[in-house]
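The next block holds one structure in the form of structure tokens; read it before the comments.
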Amino acid sequence: MHDTSVAFIETYVIHEDVSETSDSRTWLLLLHQLPPQPAYFRVKIWRRLQGLGAVAVKNSVYALPANDDALEDFQWLTKEIVAGGGEATIVEARFVDGLSDQQVIALFDAARTADWDEIVAEARQLGDGWRDLSADDARTRIDRLAKRAEKVAAIDFFGTTGRVTAAGILEDLQRRLAGDADREAPAMSIDAAVRLWLNHTWVTRRNVAVDRIASAWLIRRFIDPQARFKFVDGRGYKPEPDELRFDMFEAEFTHEGDRCTFETLLRRASFDDPALTAIGEVVHDIDLKDDRYERPETAGVATLMNALARGPLDDAARLARGGDLFDGLYEAFTAAAKKGKKK
Numbered sequence: 014m015h016d017t018s019v020a021f022i023e024t025y026v027i028h029e030d031v032s033e034t035s036d037s038r039t040w041l042l043l044l045h046q047l048p049p050q051p052a053y054f055r056v057k058i059w060r061r062l063q064g065l066g067a068v069a070v071k072n073s074v075y076a077l078p079a080n081d082d083a084l085e086d087f088q089w090l091t092k093e094i095v096a097g098g099g100e101a102t103i104v105e106a107r108f109v110d111g112l113s114d115q116q117v118i119a120l121f122d123a124a125r126t127a128d129w130d131e132i133v134a135e136a137r138q139l140g141d142g143w144r145d146l147s148a149d150d151a152r153t154r155i156d157r158l159a160k161r162a163e164k165v166a167a168i169d170f171f172g173t174t175g176r177v178t179a180a181g182i183l184e185d186l187q188r189r190l191a192g193d194a195d196r197e198a199p200a201m202s203i204d205a206a207v208r209l210w211l212n213h214t215w216v217t218r219r220n221v222a223v224d225r226i227a228s229a230w231l232i233r234r235f236i237d238p239q240a241r242f243k244f245v246d247g248r249g250y251k252p253e254p255d256e257l258r259f260d261m262f263e264a265e266f267t268h269e270g271d272r273c274t275f276e277t278l279l280r281r282a283s284f285d286d287p288a289l290t291a292i293g294e295v296v297h298d299i300d301l302k303d304d305r306y307e308r309p310e311t312a313g314v315a316t317l318m319n320a321l322a323r324g325p326l327d328d329a330a331r332l333a334r335g336g337d338l339f340d341g342l343y344e345a346f347t348a349a350a351k352k353g354k355k356k
């Protein structure tokens with residue numbers, strides 16, 4: 014390997030002696046050098062890295078979260094690279110300068126978000142052209158999308174929002190295929206829904222943003238004033254018996270079709286409140302970024318929510334601060350609805 018690559022390896026080995034802090038992460042790094050020819054071999058290795066979910070943190074240096082599965086994947090790939098005439102080294106390391114853990118996580122999230130965006134776009138296109146497809150064609154395309162989603166989910170190491178959106182749209186397509194698209198379940202009364210949801214701990218992913226903040230506000234203000242909230246890693250979380258999950262993969266309340274989680278909660282509780290509907294439209298456009306409703310309030314709320322998400326507050330404090338915002342928005346929409354009725 015070139016001297017610069019060797020120096021880079023030594024830097025990471027030296028850094029391994031640094032005492033680990035409670036919030037630092039350990040990563041596996043694959044450092045490799047491929048022969049210039051044949052070109053197909055270089056493309057093959059690149060595709061293998063993409064399939065593993067690895068991200069480039071430097072030229073010819075790819076990272077994965079450190080665990081046994083990732084190590085085995087990199088070991089097999091190392092053998093493949095060496096057999097093809099290249100060189101490869103696996104390093105377990107922590108980032109102590111330059112890139113931070115959060116920046117590396119952002120690289121993983123950006124890569125998976127792009128994958129989910131492609132799946133969501135194709136699923137929506139499939140839904141738009143539904144009437145032109147035979148049942149067999151629709152089933153084949155849905156199955157193909159579902160398999161792609163399973164592969165992306167396996168490498169979505171930090172649980173991006175796109176995973177939730179894609180799952181909701183695919184479930185909606187599968188219901189349509191089964192002939193259930195237009196047969197809604199009987200509406201549950203608000204009182205009945207509330208009785209089922211009381212005295213639970215509501216669980217969602219850490220680093221809450223607009224849909225989770227709005228949903229938590231709705232839960233605490235209109236469903237259960239004593240609701241407790243718990244923030245967890247989105248990937249692989251198994252709920253306790255008294256827990257209800259929201260805005261998470263396989264959650265009890267999450268994206269359904271093109272609905273964000275806030276809209277799902279409104280629908281499940283059968284809330285018929287113009288002010289809540291208006292808030293749902295604002296949250297929908299910010300969260301799903303599809304500009305369906307284009308309410309004039311959306312841009313301002315998005316600015317405040319983005320500032321809140323980037324700020325130093327922990328998740329509980331974000332819910333409290335965001336709840337104040339949605340309290341004000343609800344009062345404004347309620348007043349506007351009353352004024353409209355008087356005209």
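Just so we're aligned: 85 in the working numbering is position 72 of the sequence shown, and the numbers increase by one with no gaps anywhere.
Using N, Cα and C, we set each Cβ at its ideal position, and we do this for glycine too.
Computed from a predicted structure; not experimentally measured.
Residues bridged to E256 (per DSSP): In the sequence shown, counting from the first residue as 1, residue 256 sits at position 243. E256 is bridged to T214.
With DSSP collapsed to three states, give me the class of T267. Numbered from its first residue, the sequence shown carries residue 267 at position 254. Three-state DSSP puts T267 in coil, outside helix and strand.
Alpha carbon to alpha carbon, how far is I232 from F346? Give it in angstroms, no decimals. Reading the sequence shown from its first residue, position 333 is the one you call residue 346. Reading the sequence shown from its first residue, position 219 is the one you call residue 232. Those two C-alpha atoms are separated by around 18 Å.
V296 by DSSP, collapsed to three states: which one? Along the sequence shown, read from residue 1 onward, the residue named residue 296 stands at position 283. Of the three classes helix, strand and coil, the one that applies to V296 here is helix, per DSSP.
Closest by CA to D81, which one among A167, A350 and L41? Residue 81 sits at position 68 when you count from the first residue of the sequence shown. Cα-wise, what sits closest to D81 is L41.
Would you check if the region 247-254 and the region 286-301 touch, i.e. whether three or more CB-CB distances between them fall below 8 Å? no
Assumed close pair R241, W215 - CB separation to whole angstroms, cut-off 8 Å: On the sequence shown, residue 241 is found 228 positions in, with the first residue counted as 1. On the sequence shown, residue 215 is found 202 positions in, with the first residue counted as 1. At roughly 7 Å, the Cβ-Cβ gap stays under 8 Å, so R241 and W215 are in contact.
Leaving out five residues on either side along the sequence, give the residues of the same chain with a beta carbon under 8 Å from the beta carbon of G270. Residue numbering aside, residue 270 sits at position 257 when the sequence shown is read from its first letter. Cβ neighbours of G270 beyond the five flanking positions: G181, I182, E184 and D185.
Given 8 Å, three or more beta-carbon pairs between the region 322-338 and the region 157-177: no
I need the boundaries of the alpha helix (DSSP H) containing E105, first residue and last residue. Locating residue 105 in the sequence shown gives position 92, where the first residue counts as 1. Note, E105: premise wrong, no alpha helix (DSSP H); beta strand (DSSP E) at E100 to A106.
Can you tell me whether DSSP reads W112 as helix, strand or coil? Stepping through the sequence shown from its first residue, residue 112 is reached at position 99. A small fix is needed here, since residue 112 is Leu in this sequence, not Trp. Three-state DSSP puts L112 in coil, outside helix and strand.
If L257 and W210 are in contact, beta carbons under 8 Å, what's the gap, nearest whole angstrom? Against the sequence shown, residue 257 aligns to sequence position 244. Against the sequence shown, residue 210 aligns to sequence position 197. About 7 Å separates the two Cβ atoms, so the contact holds.
Using DSSP with H/G/I as helix, E/B as strand and the rest coil, what is R334? For the purposes of this step, residue 334 is taken as residue 321 along the sequence shown, with counting starting at 1. Looking at R334 - three-state DSSP - the assignment turns out to be helix.
Does DSSP put T34 in a helix, in a strand, or in coil? To locate residue 34, count along the sequence shown from 1; it is residue 21. Note on T34: pLDDT 41, under 50, position unreliable in the model; no value is reported.
Exposure of R208, with buried meaning 16 or more beta-carbon neighbours within 10 Å: Locating residue 208 in the sequence shown gives position 195, counting from the first residue. With fewer than 16 other Cβ atoms within 10 Å, it is exposed.
Quick check on W89: buried or exposed, where buried means 16 or more other Cβ atoms within 10 Å of its Cβ? In the sequence shown, residue 89 corresponds to position 76, counting from 1. The residue is exposed, with fewer than 16 neighbouring Cβ atoms inside 10 Å.
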